[in-house]
Every structure is written in C-alpha cells, then in structure tokens.
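Residue numbers (my numbering): 242 to 426.
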Ligand SMILES: C[S@@+](CC[C@H](N)C(=O)[O-])C[C@H]1O[C@@H](n2cnc3c(N)ncnc32)[C@H](O)[C@@H]1O
C-alpha cells in the first residue's frame with residue numbers, strides 16, 4: 242500500500258505540500274472569516290510578537306494541525322504537551338467549526354496557567370480542557386473515541402503514550418507526533 246492509498250495520510254501529505262510548498266502559503270498571515278476567528282488569531286499574533294516561546298509549534302505547524310482537525314471533522318482531539326496553548330488555539334479554530342472539543346495535558350503549572358489565560362482571551366476556553374500533572378499518569382482518565390491525537394511532550398515518552406492511547410484512537414483517524422512522522426491508527 243502506498244502513502245497515497247491511506248486516505249488520512251494522503252490528506253495530511255497534501256496539506257503539508259500546500260502549506261510548506263514553494264509558495265510558502267503556511268507563512269502568510271492567517272485571515273479571519275469571523276469575529277470569533279479574529280479574536281483567536283489576535284491572541285496567537287500577540288504571543289508570537291512577544292518573542293517568548295515555550296517550545297510552541299511554529300505557525301505553519303499550527304495551521305497544519307488546524308487543517309487536519311477541520312478537514313477530518315474531528316470531534317475529540319487530545320494533545321499531550323499544552324505548553325502555553327499556541328497549538329491549542331490553532332486546534333480551537335478548527336473545533337469552532339467542527340463542534341468538537343480538545344483535552345490537553347501539561348505538567349508545568351506555570352505554562353498551564355498561561356495557556357488557560359490565552360484560551361479565555363481567545364474565546365476558546367469552553368472548547369478546551371487542560372489536565373494538569375504528569376500525562377503518563379493523567380491519561381488513564383481518557384476515554385475514547387479519539388479522532389486526533391497530537392503528541393508534543395517528552396519524546397522518550399511517546400512510546401508509552403502510543404501504547405496506551407491506541408486504542409482509544411478511532412481506527413482510521415490520525416496520530417500526529419510533532420517533529421516525527423504521521424501514522425494512521
Ligand atoms: C513542545 S512543548 C508543547 C508545545 C505546545 N504543543 C504548543 O505548540 O504550544 C512540550 C510541553 O510538554 C510538557 N511536558 C513534558 N513532559 C510532560 C509530561 N510527562 N506530562 C505532561 N506534560 C509534559 C512540557 O512542560 C512542555 O510545556
């Protein structure tokens with residue numbers, strides 16, 4: 242079976258090509274189509290301009306996540322590694338459209354507090370639940386089905402997260418491990 246024959250991977254690959262291709266569309270400013278989107282993008286822009294980075298995804302990766310979640314109509318998204326919530330806000334843009342929810346895990350209380358404030362100011366706090374603590378322990382509270390799993394925390398821990406969360410990731414849905422590769426459940 243080729244990469245293109247796996248529907249979700251084919252979709253992900255096309256999205257990467259569009260955003261990261263020669264036209265560098267992923268680096269162009271994101272345009273809001275509603276007041277709600279404008280609010281989220283303003284908080285993302287402010288966080289970017291502050292120059293403070295807490296290992297957050299770059300905008301092009303955030304946009305990729307958003308497109309993947311939105312294009313697949315994701316209802317339940319799980320993120321391991323909230324940091325200050327930038328990827329969470331990109332996912333929030335998708336979930337405003339799909340009607341879905343994000344559960345995100347973070348073990349640094351300071352970063353979790355900043356993420357919570359970002360989500361409130363961006364107006365996506367009702368879509369996102371932050372679970373604080375060591376995700377290797379707290380993920381035991383997770384229930385499926387999960388439509389999109391985004392791993393972006395301790396890399397040596399990815400094998401543990403995968404072993405324990407596959408299932409409940411729905412067969413045929415996406416697991417995205419940041420700075421690694423995309424696989425289909
Ligand atoms: C790369 S950053 C996440 C960036 C975030 N996804 C974003 O783009 O805004 C990784 C985060 O995972 C958190 N982390 C690392 N190990 C963890 C664990 N065992 N449980 C929960 N969070 C963890 C770190 O504190 C850090 O904030």
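Virtual Cβ for every residue (Gly too), placed ideally from N, Cα, C. No experiment lies behind these values; they were computed from the predicted model shown.
For residue i, collect the residues of the same chain with a Cβ closer than 7 Å to its Cβ; drop the 5 residues on either side in sequence, then sort them by chain order.
i, result
"residue 398", "377"
"residue 420", "none"
"residue 278", "334"
"residue 327", "285, 288, 297, 298, 303"
By Cβ distance below 6 Å, which residues in the same chain neighbour residue i in space, the five residues on each side in sequence not counted?
i, result
"residue 308", "256"
"residue 404", "none"
"residue 271", "282"
So residue i and residue j are supposed to be a Cβ contact under 8 Å. How far apart are they, rounded?
i, j, result
"residue 280", "residue 364", "5 Å"
"residue 338", "residue 295", "Contact doesn't hold; Cβ gap of about 27 Å is too wide."
"residue 380", "residue 357", "With a Cβ gap of about 19 Å, residue 380 and residue 357 do not count as contacting."
"residue 390", "residue 368", "Not quite, the Cβ-Cβ distance comes to about 17 Å (not below 8 Å), so this is no contact."
Can you check DSSP and say which residues form a bridge with residue i?
i, result
"residue 320", "345, 391"
"residue 418", "392"
Is the CB-CB distance between residue i and residue j below 8 Å?
i, j, result
"residue 287", "residue 323", "no"
"residue 320", "residue 314", "no"
"residue 359", "residue 305", "no"
Here's a check: name, in chain order, each residue in its chain whose Cβ is nearer than 8 Å to the Cβ of residue i, leaving out the five neighbours to either side.
i, result
"residue 340", "316"
"residue 342", "316, 317, 318, 336, 368, 369, 370"
Query - 4 or more residues per run - each alpha helix (DSSP H) lying fully within the stretch 346 to 416 - result: Counting only runs of at least 4 residues, the stretch 346 to 416 fully encloses the following alpha helix (DSSP H) elements, listed from N- to C-terminal order: 350 to 363, 376 to 379, 399 to 406.
Residue ranges of each alpha helix (DSSP H) run of no fewer than 4 residues wholly in the stretch 248 to 303, ordered along the chain? Within the stretch 248 to 303, complete alpha helix (DSSP H) segments of at least 4 residues are found at 248 to 261, 276 to 290, given in chain order.
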